[in-house]
Amino acid sequence: METLPSWFASMHLVIAALVLFVGYLLLRPNRWRGNPPPGPSGWPVVGSMFELGNRPEIFFTKTSERYGDVFRLNLGRKRVVVANSYETLAEAIVEKARVFADRPQLLSFKLQEGGDQTLGVQFTRASEMQRKKIKLVRAAFNPAIPDVAERFDAVLPIEVASLVQDVAREDGGPFDPHDVIEFCSAMSNVTGMLLYSKTLELGSCLLIDWLPWLSWFPSADVRELQALVRTMTGWHTDLIEEHRQTLNESSPRDFLDQLLIQQQTGKLMVSDADICRILDDLQSAGFNTATANILWGIQLLVQNPDVQKKLQAEIDEVVGSGRAPTTKDCRNMPYLEATLWEIQRVGMPVPVPGVRAALRDTTLSGYDVPKGTIMLVNQAKIATDLANFPQPHRFDPSRHLDENGSVVTPEKKLMLFGNGLRICAGRHLARDQMVIVMANLLQRFTFRLPDGATAFDNVGSTDGLVRFPLPYKIRAIPR
Ligand code: HEM
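Numbering (the numbering used here) for the sequence shown: 377 to 855.
Here's what the structure looks like:
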């Protein structure tokens, strides 16, 4: 019998060794050096990815009961730590603000920044340039600055009046507020007007973030995200051109004009592609979250008619019924402000917000956390911490008031807009918007269950990064 040449046998050995080596590289668990936080080791290749499910906060809460307030996870090949208490979150994003200032390199983040995570402001890697850009954004969205307040006061009443009209059109009959489109567009239209004096009719972690090789087989999610980014880019490219041609440097009309002036004077070396991504980020950043809060708010007020009555009494006392409430009026309505905080806490539309990454080796709660580690936040657990929120599942706006009836913002117990270097850039605007929408609606209507109903049929939330209440029906009885 003919024997195989010896080089053939050695070739087999080399291939087998290579396969074993590649297999080892793929399958070996992530190495955490030093004194890492405790945590489950998870499965080879995927780590704890499939345990996350559609509601990662449930898995996080269960895991924290076993491992404590800070635990580690492997998600695919990514190293992750999860902060489950206010103290650990504050240590990371306030005390170690400069360390946990990065956004991780995730494919979905890269897609949302048009393929380059140096562009835009929201999913953008930490850099001097990101800081300069976000500084401009913060100023453009801060209603404490007179110019911004003036623009905001010119736009908001129009959008809110149109929302009130749409609700009035339901004529006291049963309807689902999700269907009254203005609940969404009132939010995005105000942003659009501040950005580029126009309204625009119109993101999250995907599986590819944890298993990047899946991007070789683009899924429907990825294609949808790419199509959305392309549409927005087309829209914003046209707007940039239009604004450039009509720009008057001595009198900027909006934020886009301000960016173009910065570009032309060389104060900020920002490209058109970057401007596109900034506009895109801002248009998408607050739209879903603010809308979800309003939808949660209406549901919670129907379930808590006493709170609704108290709010209406406050609105009647400060504004009366002869004119629409303004932002200025809302500053004199502490109970309304406290109710909005409680809506954000109990509705909890973003239970796992603000993904961060460590810029260098560091520690968290005394454990070693290597550079590049992703930090996730279990906000749902922080918002129901018994030590800070007694009877946490009770909807009780008065927990945000002191003995004199003044608002005590919950930011020392719960950071609903994040904190530190990557704090939400639109938080003041978002709060003002939500407060004024609520004030206008409650001045004109009392929200109730449909006739004959004693409770909502469906109470719960959708899945996803931003959670909406499930569809529900109410009546808006004119007052
Ligand atoms: C109720 C509404 C909103 C909520 C609950 C919310 C919440 C958040 C949270 C939790 C973060 C992450 C912060 C962190 O990493 O520490 C964030 C970031 C951000 N938000 Fe908001 N937001 C809202 C509305 C808005 C609006 C209206 C805008 C602008 C128009 C906006 C612009 C941004 C931007 C640009 C960032 C990224 C900041 C950075 O990475 O430097 N947000 N927001």
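Note that beta-carbon positions come from the ideal geometry of N, C-alpha and C, so glycine has one too.
Bear in mind the structure is a predicted one, so any value in this text is a computation, not a measurement.
Residue burial classification, residue i (beta-carbon count within 10 angstroms, cutoff 16)
| i | result |
| --- | --- |
| leucine 740 | buried |
| glutamine 675 | buried |
| glutamate 535 | buried |
| glutamate 600 | exposed |
| isoleucine 391 | exposed |
| methionine 893 | There is no way to answer for residue 893, as the model of the chain reaches only from 377 to 855. |
| glutamine 506 | buried |
| proline 710 | buried |
| leucine 607 | Note that residue 607 corresponds to threonine in the displayed sequence, not to leucine. The residue in question, threonine 607, is exposed, as its Cβ has fewer than 16 Cβ neighbours within 10 Å. |
| glutamate 693 | exposed |
| valine 728 | buried |
| glutamate 441 | exposed |
| lysine 486 | buried |
| glycine 415 | buried |
| aspartate 523 | exposed |
| phenylalanine 511 | Per the sequence shown, the amino acid found at residue 511 is lysine instead of phenylalanine. Lysine 511 should be labelled exposed. |
| leucine 818 | buried |
| phenylalanine 765 | buried |
| histidine 388 | exposed |
heavy atom of ligand 1 below 7 Å from residue i C-beta
| i | result |
| --- | --- |
| asparagine 669 | yes |
| isoleucine 510 | yes |
| phenylalanine 802 | Residue 802 is actually glycine in this sequence, not phenylalanine. Flag set: Cβ of glycine 802 near ligand 1. |
| threonine 715 | no |
| asparagine 795 | yes |
| isoleucine 469 | yes |
| isoleucine 799 | yes |
| proline 681 | no |
| aspartate 529 | no |
| alanine 666 | yes |
| phenylalanine 517 | yes |
| valine 456 | no |
| alanine 520 | no |
| leucine 740 | no |
| glycine 568 | no |
| alanine 459 | no |
| alanine 700 | no |
| glycine 490 | no |
| alanine 525 | no |
For residue i, the first and last residue of its enclosing alpha helix (DSSP H)
| i | result |
| --- | --- |
| arginine 507 | 504 to 516 |
| proline 528 | Residue identity check: residue 528 is phenylalanine in the sequence provided, not proline. Phenylalanine 528 -> alpha helix (DSSP H) spans 522 to 544. |
| alanine 459 | Alanine 459 -> not in any alpha helix (DSSP H); beta strand (DSSP E) instead, spanning 454 to 459. |
| threonine 715 | 710 to 723 |
| arginine 442 | 432 to 443 |
| isoleucine 637 | 631 to 641 |
| leucine 805 | 803 to 820 |
| alanine 852 | Here alanine 852 belongs to no alpha helix (DSSP H); instead the beta strand (DSSP E) covers 850 to 854. |
| methionine 645 | First-last for methionine 645: undefined, no H or E at that position. |
| aspartate 547 | Per DSSP, aspartate 547 belongs to no alpha helix (DSSP H) and is neither H nor E. |
| phenylalanine 832 | Here phenylalanine 832 belongs to no alpha helix (DSSP H), and DSSP marks it neither H nor E. |
| lysine 486 | 483 to 488 |
| phenylalanine 426 | 425 to 428 |
Start-to-end residues for the beta strand (DSSP E) that takes in residue i
| i | result |
| --- | --- |
| aspartate 744 | 743 to 745 |
| valine 753 | 750 to 753 |
| lysine 685 | Where lysine 685 is concerned, there is no enclosing beta strand (DSSP E), although the alpha helix (DSSP H) it sits in stretches over 681 to 694. |
| arginine 448 | 446 to 451 |
| serine 653 | At residue 653 the sequence reads arginine, which differs from the serine that was named. First-last for arginine 653: 648 to 661, but that is the alpha helix (DSSP H), not the beta strand (DSSP E). |
| leucine 740 | 738 to 740 |
Own chain residues within Cβ distance below 8 Å of residue i, not counting five before or after
| i | result |
| --- | --- |
| proline 826 | Pro550, Lys849, Ile850, Arg851 |
| alanine 466 | Met791, Asn795 |
| glutamate 433 | Pro727, Val728, Asn754, Gln755, Ala756, Lys757 |
Residues near residue i by beta carbon distance below 7 Å, same chain, minus five either side
| i | result |
| --- | --- |
| arginine 879 | Residue 879 cannot be examined here, being either before or after the span of the chain that is shown, 377 to 855. |
| leucine 671 | Pro553, His554, Phe559, Phe844, Pro845 |
Same chain, Cβ closer than 6 Å to residue i, neighbours up to 5 away in sequence not counted
| i | result |
| --- | --- |
| methionine 569 | Val531 |
| alanine 668 | Pro725, Val842, Phe844 |
| aspartate 650 | Leu495 |
| glutamate 463 | none |
Residue i beta carbon near ligand 2 (any heavy atom closer than 7 Å)
| i | result |
| --- | --- |
| leucine 658 | Absent from the structure shown: ligand 2. Ligands present: ligand 1. |
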